[in-house]
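In the numbering used here, the protein residues as written are 574 to 970.
Positions of the beta carbon are idealized from the N, C-alpha and C atoms, including for glycine.
No experiment lies behind these values; they were computed from the predicted model shown.
Shown next, in structure tokens, is the structure this report addresses.
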């Protein structure tokens, strides 16, 4: 049967009908351990009772009223994000790409209201992924996402990841900002060391630039702090978040200082659904859990346990696994075999993992994963690596 859905995804032939915690159940009753979290979205796993209760309670009240009226849940969520971060102001969106669009517009507007509209260019980094809109694919700069969509949106200058000379050379009188993911996700789980983020902050300050961070995938507890940049101690100007903040419900946000957002006045930007009662009710429920005493410390502890077990896995399968990358519960296996083969074989072993760039497989388990579930996960990954290692050796023989 031909699907009426636009064929822009190569979908696995598995239908998940139920989920609970870190487990998914397929139509035939098979149980899968979810180490992908819907690409980092289901931060608190599936059917989390507190999130379900919040959504059900709000669904019986009001779903949507538009941003022409006050939304108390949105005001509460914004204040909580401000209180827990560097930010003074929040703009809610439905997705990460929209949060990045708001970020880009805000940065450009900042310089325009300061009398320098020519400072619209933003330096980004090779291997980045910032979304699928025309502006965000230009920001990411990856040719495979740009092909066939006409001229690349102007205003973005990519430099190699970690090349400081290239970064400094790219700064011109038209440069207004630097945009980076504290941990590249799609690019292959490549963290920016805290010292490097501090250096970027200094370069931005020295050149009158805004520092913009894309924490769509690495934010909301994923690295063991609410935001990944908090490990470095810096104060960014704008941060884009999404994925985990909704726990599975579409929700994103741009967080900004009052100074960076001073150009975003009445009528300069908008959204139909962003920050509506349903989404922000769930967002508040997510923060109830993530900001609860001890939760992020538990994430850090479980992340350390998982990384230790993955190091043992690498040692056991040096012909398959080249390197363990990442921070917190945002980890990657850099492979010596095709990552697509690993993803497919993992699915056969009832494990959900996700491919990334640089021949990496991403592990983004729900933040609530237990040590016993980590043991089960690594046992499954061990079986996958063993089977692929045997095939790889046989193909060389």
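Identified DSSP bridge partners for residue i
i, result
"residue 898", "905"
"residue 748", "694"
"residue 936", "904"
"residue 892", "According to DSSP, residue 892 bridges with nothing at all."
"residue 813", "787, 827"
"residue 605", "597"
"residue 924", "606"
"residue 732", "698"
"residue 929", "933"
"residue 591", "598"
"residue 820", "822"
Cα-Cα separation between residue i and residue j, rounded to whole angstroms
i, j, result
"residue 707", "residue 726", "7 Å"
"residue 615", "residue 931", "24 Å"
"residue 899", "residue 735", "16 Å"
"residue 951", "residue 648", "41 Å"
"residue 659", "residue 745", "28 Å"
"residue 722", "residue 583", "20 Å"
"residue 887", "residue 894", "5 Å"
"residue 590", "residue 662", "38 Å"
"residue 643", "residue 891", "57 Å"
"residue 956", "residue 924", "11 Å"
"residue 866", "residue 872", "12 Å"
"residue 635", "residue 619", "24 Å"
"residue 903", "residue 768", "19 Å"
"residue 526", "residue 701", "One cannot answer for residue 526 here, as it falls past the ends of the chain, which runs 574 to 970."
"residue 690", "residue 673", "19 Å"
"residue 774", "residue 958", "40 Å"
"residue 799", "residue 869", "8 Å"
"residue 645", "residue 630", "15 Å"
"residue 696", "residue 797", "28 Å"
"residue 597", "residue 613", "15 Å"
"residue 876", "residue 882", "10 Å"
"residue 754", "residue 786", "6 Å"
"residue 739", "residue 733", "7 Å"
"residue 846", "residue 617", "23 Å"
"residue 916", "residue 692", "43 Å"
Environment of residue i [buried if 16+ CB atoms lie within 10 Å]
i, result
"residue 671", "buried"
"residue 921", "exposed"
"residue 704", "buried"
"residue 860", "buried"
"residue 943", "exposed"
"residue 592", "buried"
"residue 822", "buried"
"residue 667", "buried"
"residue 698", "buried"
"residue 600", "exposed"
"residue 855", "buried"
"residue 588", "exposed"
"residue 780", "exposed"
"residue 641", "exposed"
"residue 575", "exposed"
"residue 581", "exposed"
"residue 724", "exposed"
"residue 815", "buried"
"residue 777", "buried"
"residue 954", "buried"
"residue 603", "exposed"
"residue 720", "exposed"
"residue 578", "exposed"
Whole-number beta carbon distance between residue j and residue i, since they are thought to touch under 8 Å
i, j, result
"residue 789", "residue 623", "With a Cβ gap of about 23 Å, residue 789 and residue 623 do not count as contacting."
"residue 908", "residue 608", "Actually they are not in contact, since the Cβ atoms of residue 908 and residue 608 sit about 15 Å apart, beyond 8 Å."
"residue 919", "residue 926", "5 Å"
"residue 828", "residue 654", "6 Å"
"residue 990", "residue 637", "The question about residue 990 has no answer, for the chain in this structure spans 574 to 970."
"residue 717", "residue 841", "The Cβ separation is near 33 Å, so there is no contact."
"residue 665", "residue 826", "5 Å"
"residue 976", "residue 813", "Any property of residue 976 remains undetermined from this structure, which presents the chain solely from 574 to 970."
"residue 782", "residue 830", "Actually they do not touch by this definition, with Cβ atoms about 14 Å apart."
As an exercise, report each continuous alpha helix (DSSP H) stretch of at least 4 residues that is fully enclosed by the segment 695-729, in chain order.
Entirely contained in the segment 695-729, the alpha helix (DSSP H) runs reaching 4 residues are, in chain order, 707-713, 716-719.
Can you list, in chain order, the stretches of the beta strand (DSSP E) that have 3 or more residues and sit fully within the segment 748-797?
Within the segment 748-797, the complete beta strand (DSSP E) runs of at least 3 residues are 748-753, 783-787.
Give, in chain order, every unbroken run of the beta strand (DSSP E) that is at least 3 residues long and sits entirely within the segment 610-681.
Secondary structure remark: continuous beta strand (DSSP E) runs of at least 3 residues inside the segment 610-681, in chain order: 662-666.
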